[in-house]
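To keep things clear, I will list the structure first and then write my remarks on it.
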């Protein structure tokens, strides 16, 4: 549920994923898709927002400081091309590694103990180029 696709087991063949007939692959019920967010002369449903790349979202949410605080670390690690709703298993190993780093950076930036992070946080990478 919630993936926009239905999983059909095919016994001896590879499983098949069919677009959900109820949501047409948008992952939400119709009443949820009717709710629109107005940003910079655009009305976007939750599905539309999840189709945005991080770079597009940064532009659209430029007035929303809390949103930018979460998105900026993703840009900082070079993942601005990733869609907001992109499933994590579709990311490469290097992308997943950078997303984890971005998550830590976002958490450190929003922490009330941010002053501690400014004193120094050391990241040790065993094999920094693995998965890149």
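Numbering (the UniProt record's numbering), first residue to last: 1 to 132. Even for Gly, the Cβ is constructed at its ideal location relative to N, Cα and C. Here the structure is a predicted model, which is why all the values come from computation and not from measurement.
Would you kindly report the start and end of the unbroken alpha helix (DSSP H) that includes residue 135?
Since the displayed the chain opens at 1 and closes at 132, residue 135 lies outside it and no answer follows.
Of the choices 67, 7, 86 and 95, whose alpha-carbon is the least far from that of residue 17?
7
Three-state secondary structure assigned by DSSP to residue 43
strand
Buried versus exposed call for residue 73 [16 or more other C-beta atoms within 10 Å across all chains shown]
buried
Let's see if you can read the secondary structure: which residues bound the beta strand (DSSP E) around residue 18?
16 to 19
Between residue 65 and residue 15, what straight-line distance do the alpha-carbon atoms span, to the nearest angstrom?
43 Å
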